[in-house]
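Written out below as C-alpha cells is the structure these notes cover.
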C-alpha cells in the first residue's frame, strides 16, 4: 500500500508542476474568461500561489479517485491535501519574501529564483503530504474539518481573483495593478 502513496506523490509532483506551468500562461495567451478562476491573471505573488493550489485540487481529486478505485486507505487524505496546500503557500511566501528581504531589493521578479521557489514548494508539499497520508488515522473530526477548510480555501482562492484586496501579495509588480489584467488594456 505504501508504494502507491510513493508513486502517486511522485506523479503528483510532475502533474501539479505541469498544470501550474500551463495555468501560468493559459489566460495570457488565450485571453479567455473561462480560464480566469484557474489561471494566473497577472504576475502577482498571489496568482503564482493560485497556479499551485488549483492543480493541487485537480490532482487531489484524481488521486482520491485512484485510491478509492484500488481500495487503498484514505483516512488521512483530506488532512494530507490540506497540509499540502498550506505547506505550499507558506514556503512560497517565506522563500519569496525572505529572499527579497535578504538581498534588500524591491519585489521585482528574479525569474530563475521565482521558478525555483514554485517547484521547490510543490516538492516540499508533496513530501509532507506523503508522510501525513501514511500516518495513523487522525480521526473523523479532523478529516471532516480538513474538508471544510479545503473547500473554504478553494472558494477564497477563486473569490480573491475577482475581488482582489489591495495588498502586496496581490499586486502585479510589472503593471502595478491588482486583480484581473485585461490583455491589451492598461488598468
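Residue numbers (the working numbering): 2 to 188. The C-beta atom is built at its ideal place from N, Cα and C for all residues, glycine as well.
Cβ neighbour criterion (16 or more within 10 Å) applied to residue i
| i | result |
| --- | --- |
| residue 27 | buried |
| residue 137 | exposed |
| residue 169 | exposed |
| residue 142 | exposed |
| residue 34 | exposed |
| residue 140 | exposed |
| residue 30 | exposed |
| residue 8 | exposed |
| residue 104 | exposed |
| residue 56 | buried |
| residue 62 | exposed |
Helix, strand or coil at residue i [DSSP, three-state]
| i | result |
| --- | --- |
| residue 182 | coil |
| residue 175 | coil |
| residue 49 | helix |
| residue 56 | helix |
| residue 170 | helix |
| residue 39 | coil |
Where the alpha helix (DSSP H) containing residue i begins and where it ends
| i | result |
| --- | --- |
| residue 142 | 141 to 163 |
| residue 129 | 112 to 134 |
| residue 10 | 3 to 31 |
Nearest to residue i (by Cα), restricted to the options the options
| i | options | result |
| --- | --- | --- |
| residue 88 | 75, 123, 115, 56 | 123 |
| residue 22 | 92, 8, 37, 49 | 49 |
| residue 130 | 81, 145, 166 | 81 |
| residue 73 | 160, 175, 4, 146 | 4 |
| residue 180 | 78, 111, 45, 66 | 45 |
| residue 51 | 99, 100, 145, 94 | 94 |
| residue 182 | 40, 65, 19 | 40 |
Contact test: residue i Cβ vs the ligand ADP heavy atom, cutoff 8 Å
| i | result |
| --- | --- |
| residue 15 | Among the components modelled here there is no ligand, and therefore nothing to report on the ligand ADP. |
(message) Restricting to runs no shorter than 4 residues, where is the alpha helix (DSSP H) found entirely within the stretch 59 to 102?
(response) none
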